[in-house]
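S.K.: Position 136 of the sequence shown, counting from 1, maps to 135 under numbering that gives the first Met the number 0, and the rest follow consecutively.
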Amino acid sequence: MPKLLIAEDSPTQALQLQAFLEDAKFDVEVQPNGAKALAAISEARPDIVLTDLDMPEMNGLELVSAIRKQHPAIPVVLMTAHGSEEIAVQALQAGAASYVPKRVLERDLLNILRQMLGMKNELQYQQQLFECLSHTESRFSLSNDPKLAGAMRGFIHENLCRVKLSDRTGLIRLGVALDEALTNAMWHGNLECSSKLREGDGREFDQLLTQRRQQPPYCDRRVEVTATFSHAIATIVN
Numbered sequence: 000m001p002k003l004l005i006a007e008d009s010p011t012q013a014l015q016l017q018a019f020l021e022d023a024k025f026d027v028e029v030q031p032n033g034a035k036a037l038a039a040i041s042e043a044r045p046d047i048v049l050t051d052l053d054m055p056e057m058n059g060l061e062l063v064s065a066i067r068k069q070h071p072a073i074p075v076v077l078m079t080a081h082g083s084e085e086i087a088v089q090a091l092q093a094g095a096a097s098y099v100p101k102r103v104l105e106r107d108l109l110n111i112l113r114q115m116l117g118m119k120n121e122l123q124y125q126q127q128l129f130e131c132l133s134h135t136e137s138r139f140s141l142s143n144d145p146k147l148a149g150a151m152r153g154f155i156h157e158n159l160c161r162v163k164l165s166d167r168t169g170l171i172r173l174g175v176a177l178d179e180a181l182t183n184a185m186w187h188g189n190l191e192c193s194s195k196l197r198e199g200d201g202r203e204f205d206q207l208l209t210q211r212r213q214q215p216p217y218c219d220r221r222v223e224v225t226a227t228f229s230h231a232i233a234t235i236v237n
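Structure follows, in structure tokens:
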């Protein structure tokens with residue numbers, strides 16, 4: 000059972016989160032602020048830390064930075080009542096693996112956590128391989144199939160492991176960013192589907208995606224990706 004450590008200063012929200020995640024088969028420990036959560040990590044050994052942004056003693060961004068320094072293998076997901084892009088950027092810059100507004104927790108949180116766990120498990124094996132590669136360059140012309148975004152993420156992870164350019168949390172963060180960039184290029188760029196259609200149950204958005212993946216000129220468009228790796232640097236151009 001995956002272990003999850005939650006830092007949340009609101010007792011009501013902490014209990015709601017704990018019940019929600021335990022129903023989803025997570026082993027959950029709750030701490031009331033960032034300082035206590037950081038102190039509990041060594042003993043709790045969580046797979047993922049989920050933290051609120053606004054807390055006393057140590058806020059969510061400070062906790063993210065501290066975990067990044069002291070426990071770089073543990074991914075952190077930041078949650079907040081404010082859904083601004085500015086906060087999302089601050090969270091990722093501080094070292095968070097992902098970010099989720101509280102207003103969409105029930106809709107998005109489990110998928111985010113499962114994505115983190117899946118990537119973490121993949122990386123445990125990928126980092127044992129391909130230590131002798133000195134340089135490689137690959138070019139892809141991707142169709143608008145979202146499954147290819149996951150395959151590309153795996154390819155990038157594998158090659159970064161080969162050349163040892165990032166720790167595990169950095170790889171998870173890159174995977175999240177790469178998924179976002181590729182799906183945005185496919186859905187909103189090539190297929191020209193507005194994100195507003197995802198409001199509600201999202202069926203209208205899914206139907207339009209399916210339609211345009213088979214309809215010219217949308218289906219003829221490609222996402223071009225060039226990935227170059229060496230032991231000194233990696234570049235990914237979309």
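Cβ atoms here follow ideal geometry from the backbone N, Cα and C, with glycine treated the same way.
Nearest CA to the CA of Gln206: which residue from Leu190, Asp219 and Pro216?
M.R.: Locating residue 206 in the sequence shown gives position 207, where the first residue counts as 1. The candidate whose alpha carbon is nearest that of Gln206 is Leu190.
S.K.: Mind listing, in chain order, the continuous alpha helix (DSSP H) runs of no fewer than 4 residues lying wholly within the segment 31–108?
M.R.: DSSP runs (the alpha helix (DSSP H)) wholly in the segment 31–108: 33–43, 59–69 and 84–93.
S.K.: How long is the line joining the alpha carbons of Ala65 and Leu4, rounded to whole angstroms?
M.R.: Walking along the sequence shown from the start, residue 65 turns up at place 66. Walking along the sequence shown from the start, residue 4 turns up at place 5. Whole-angstrom Cα-Cα distance: 15 Å.
S.K.: Out of Arg138, Gln89 and Met78, state which residue places its alpha-carbon closest to the alpha-carbon of Gln12.
M.R.: The sequence position of residue 12 within the sequence shown is 13, counting from 1. With distances taken between Cα atoms, Gln12 lies closest to Met78.
S.K.: Determine, using beta-carbon pairs with one atom in the segment 177–186 and one in the segment 94–101, whether at least three such pairs fall under 8 Å.
M.R.: no
S.K.: Exposed or buried, Gln214, counting other C-beta atoms within 10 Å across all chains shown (16 or more means buried)?
M.R.: Counting from one through the sequence shown, the residue named residue 214 turns up at place 215. With fewer than 16 Cβ atoms within 10 Å of its Cβ, Gln214 is classed as exposed.
S.K.: Go ahead and pull the three-state DSSP assignment for Ser194.
M.R.: Position 195 of the sequence shown, counting from 1, holds the residue named residue 194. In this structure, Ser194 counts as helix in the three-state DSSP scheme.
S.K.: Roughly how many whole angstroms lie between the Cα atoms of Ala231 and Ala36?
M.R.: Here the question's residue 231 lines up with position 232 in the sequence shown. Here the question's residue 36 lines up with position 37 in the sequence shown. Distance between the alpha carbons of Ala231 and Ala36 is about 35 Å.
S.K.: Exposed or buried, which one is Thr168 when buried takes at least 16 other CB atoms within 10 Å?
M.R.: The count along the sequence shown starts at 1 and reaches residue 168 at position 169. Burial call: buried.
S.K.: Taking Pro1 as the reference, which of Val27, Pro10, Gln15 and Ala18 has the closest Cα?
M.R.: Numbered from 1 along the sequence shown, position 2 holds the residue referred to as residue 1. If we check each option's Cα against that of Pro1, Val27 comes out closest.
S.K.: Please report the straight-line C-alpha distance between Ala34 and Phe139, rounded to a whole angstrom.
M.R.: To locate residue 34, count along the sequence shown from 1; it is residue 35. To locate residue 139, count along the sequence shown from 1; it is residue 140. Cα to Cα, Ala34 sits roughly 45 Å from Phe139.
S.K.: Determine the DSSP secondary structure at Lys25, reduced to helix, strand or coil.
M.R.: For the purposes of this step, residue 25 is taken as the residue at position 26 of the sequence shown. As written in the sequence, residue 25 is Phe, which differs from the Lys given in the question. Three-state DSSP puts Phe25 in coil, outside helix and strand.
S.K.: For Pro31, which residues of its own chain have a beta-carbon under 6 Å away from its beta-carbon, when the five flanking residues on both sides are left out?
M.R.: If you number the sequence shown from 1, residue 31 lands on position 32. Excluding positions up to five away in sequence, the list reads Asp8.
S.K.: Beta-carbon within less than 6 Å of Ala87's beta-carbon, same chain only, minus the 5 sequence neighbours each way: which residues are those?
M.R.: As a position in the sequence shown, residue 87 is number 88, starting the count at 1. The answer, listed in chain order, is Tyr98.
S.K.: Within the segment 123–187, note down every full beta strand (DSSP E) run reaching 3 residues or more, in order along the chain.
M.R.: If you keep only unbroken beta strand (DSSP E) runs of at least 3 residues inside the segment 123–187, you get 134–141.
S.K.: Please work out which residues of its chain come closer than 6 Å, Cβ to Cβ, to Gly59, disregarding the five sequence neighbours upstream and downstream, and give them in chain order.
M.R.: Mapped onto the sequence shown, residue 59 falls at position 60. Here the set comprises Thr50, Asp51, Leu52 and Leu77.
S.K.: Pull up the distance between the alpha-carbon of Thr135 and that of Gln17, whole angstroms please.
M.R.: For this step, residue 135 is matched to residue 136 along the sequence shown. For this step, residue 17 is matched to residue 18 along the sequence shown. Rounded to whole angstroms, Thr135 to Gln17 spans 45 Å at the Cα level.
S.K.: Within the same chain, show all residues whose beta-carbon is closer than 6 Å to that of Ala43, passing over the 5 residues directly before and after it, in chain order.
M.R.: In the sequence shown, the residue the question calls residue 43 occupies position 44. Once the five neighbours on either side are set aside, the close Cβ partners of Ala43 are Leu4 and Glu28.
S.K.: From the DSSP output, which residues share a beta bridge with Ile235?
M.R.: Sequence index remark: in the sequence shown, residue 235 carries index 236 (1-based). In DSSP, Ile235 forms a bridge with Ala226.
S.K.: Give the straight-line distance between the Cα atoms of Arg221 and Asn143, rounded to the nearest whole angstrom.
M.R.: Counted from its first residue, the sequence shown places residue 221 at position 222. Counted from its first residue, the sequence shown places residue 143 at position 144. Cα-Cα distance, rounded: 7 Å.
S.K.: Buried or exposed: which applies to Arg161, given that a residue is buried once 16 or more other Cβ atoms fall within 10 Å of its Cβ?
M.R.: Within the sequence shown, numbered from 1, the residue matching residue 161 stands at position 162. Buried.
S.K.: Since Gly199 and Met118 should fall inside the 8 Å C-beta cutoff, what is the C-beta to C-beta distance between them, to a whole number of angstroms?
M.R.: Stepping through the sequence shown from its first residue, residue 199 is reached at position 200. Stepping through the sequence shown from its first residue, residue 118 is reached at position 119. With a Cβ gap of about 29 Å, Gly199 and Met118 do not count as contacting.
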